[in-house]
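Asker:
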């Protein structure tokens with residue numbers, strides 16, 4: 047192996063090792079961090095999300111579930127952890143750099159994740175209805191708007 051190739055390989059291996067360590071820390075990191083970051087109170091600690099948190103806090107049946115139960119993929123633990131890490135970093139950067147607008151809207155991808163989680167939890171009910179519809183096509187006052195605090199913000 048030539049010297050430039052060996053040097054590149056060393057850099058790639060170092061970067062991979064750093065990424066692995068950071069991934070392990072993010073997934074299993076400081077004791078209590080995972081559980082704390084899964085809590086609605088953690089999500090609501092960002093003042094930009096305060097209306098959504100308040101609406102969730104006062105909602106009916108969905109008050110018993112966490113933000114991550116709807117807003118992160120829950121088909122398997124690996125997808126959940128990867129999405130949690132990516133979304134968390136993205137949200138933190140946007141928040142701390144002032145890139146968050148006052149009108150937070152869910153992305154098309156986020157809407158698919160939420161819809162998939164609605165379908166996962168309510169599979170028996172939706173098996174009897176037209177699955178081509180999104181839950182919020184009928185349930186416009188679902189969750190975040192239920193208290194009248196805000197509109198359900200979908201694309």
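Residue numbers (this note's numbering): 47 to 201.
Where is the CB? At the ideal position from N, CA and C, for every residue including glycine.
Any chance you could list the alpha helix (DSSP H) runs of at least 4 consecutive residues sitting entirely within the region 100 to 139, in chain order?
Answerer: Listed in chain order, the complete alpha helix (DSSP H) runs (minimum 4 residues) inside the region 100 to 139 are 113 to 117.
Asker: Along the chain, where does the alpha helix (DSSP H) that runs through residue 166 open and close?
Answerer: Residue 166 -> alpha helix (DSSP H) spans 154 to 167.
Asker: Express the C-alpha separation of residue 182 and residue 122 in angstroms, rounding to a whole number.
Answerer: Roughly 24 angstroms between the two C-alpha positions.
Asker: DSSP three-state call for residue 83: helix, strand or coil?
Answerer: Three-state DSSP puts residue 83 in a helix.
Asker: Can you tell me which of 131, 98, 61 and 59 puts its alpha carbon nearest to the alpha carbon of residue 83?
Answerer: Residue 131 is the option with its Cα nearest to residue 83.
Asker: Rounded to whole angstroms, how far is the Cβ of residue 160 from the Cβ of residue 152, which I believe are closer than 8 angstroms?
Answerer: About 7 angstroms; that satisfies the 8 angstroms criterion.
Asker: Going along the chain, which residues of its own chain have a beta-carbon closer than 7 angstroms to the beta-carbon of residue 116, five neighbours each way excluded?
Answerer: Excluding positions up to five away in sequence, the list reads 160 and 163.
Asker: For residue 183, which of helix, strand or coil comes out of DSSP?
Answerer: Three-state result, residue 183: helix.
Asker: Leaving aside the five residues before and after residue 141 along the sequence, list all residues of the same chain whose C-beta is less than 8 angstroms from its C-beta, in chain order.
Answerer: Correct list, in chain order: 92 and 94.
Asker: How many Å lie between residue 172 and residue 150 at the Cα?
Answerer: Answer to the nearest angstrom: the Cα atoms are 28 angstroms apart.
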